[in-house]
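Trainee: Counting from 501, one number per residue, gives the positions in the sequence shown under the numbering used here.
All C-beta atoms, glycine included, are put in the ideal place defined by N, C-alpha and C.
Supplied in structure tokens, the structure appears directly below.
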Amino acid sequence: MTAAIEMPHVEECVVAACAYNHTGDCHAFAITIGSSDHAHCHTFVELPVRAGVADLTAQVGACQRADCRHNEQLECHAPAIRVGPDNDLADCMTYAER
501 MTAAIEMPHV
511 EECVVAACAY
521 NHTGDCHAFA
531 ITIGSSDHAH
541 CHTFVELPVR
551 AGVADLTAQV
561 GACQRADCRH
571 NEQLECHAPA
581 IRVGPDNDLA
591 DCMTYAER
């Protein structure tokens with residue numbers, strides 16, 4: 501059996517077009533952050549329906565931005581993150597280059 505660790509929560513998401521965003525909060529089970537050129541939220545999906553689990557606040561499941569100061573072995577260690585518009589539709593606004 502593996503021990504689960506507490507993952508950082510998505511404290512706020514201001515990308516209203518995302519199906520997982522209900523009222524400024526994310527209801528995906530977990531999100532993935534990162535690509536080679538910026539801290540994109542790969543869980544972003546633009547659909548006319550609301551998705552996810554209503555009683556759940558999303559956590560950061562994986563972060564591919566090894567150059568972020570919050571990233572240790574591709575796991576996010578920030579206390580919480582914010583998602584918002586930046587280079588494209590949804591990026592991690594907590595990303596900070598080392």
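Is the beta carbon of residue 553 closer than 8 Å to that of residue 519?
Mentor: Against a cut-off of 8 Å, the Cβ pair of residue 553 and residue 519 comes out as no contact.
Trainee: What three-state label does DSSP hand residue 532 in the structure shown?
Mentor: Strand, per DSSP.
Trainee: Could you pull the DSSP bridge partners for residue 564 from this structure?
Mentor: Per the DSSP secondary-structure output, residue 564 pairs with nothing in a beta bridge.
Trainee: Compute the Euclidean distance between the alpha carbons of residue 524 and residue 568, then round it to the nearest angstrom.
Mentor: 24 Å
Trainee: What is the rounded straight-line gap between the Cα of residue 598 and the Cα of residue 566?
Mentor: 9 Å
Trainee: When you compare only the Cα positions, how much space is there between residue 531 and residue 515?
Mentor: If you take the alpha carbons of residue 531 and residue 515, they lie about 14 Å apart.
Trainee: Could you tell me the distance, in whole angstroms, from the CA atom of residue 595 to the CA atom of residue 564?
Mentor: 11 Å
Trainee: Out of 536, 507, 559, state which residue places its alpha-carbon closest to the alpha-carbon of residue 543.
Mentor: 559
Trainee: Keeping to the same chain, check which residues put their C-beta closer than 6 Å to that of residue 576; ignore five residues upstream and five downstream.
Mentor: Excluding positions up to five away in sequence, the list reads 508, 560, 563, 570.
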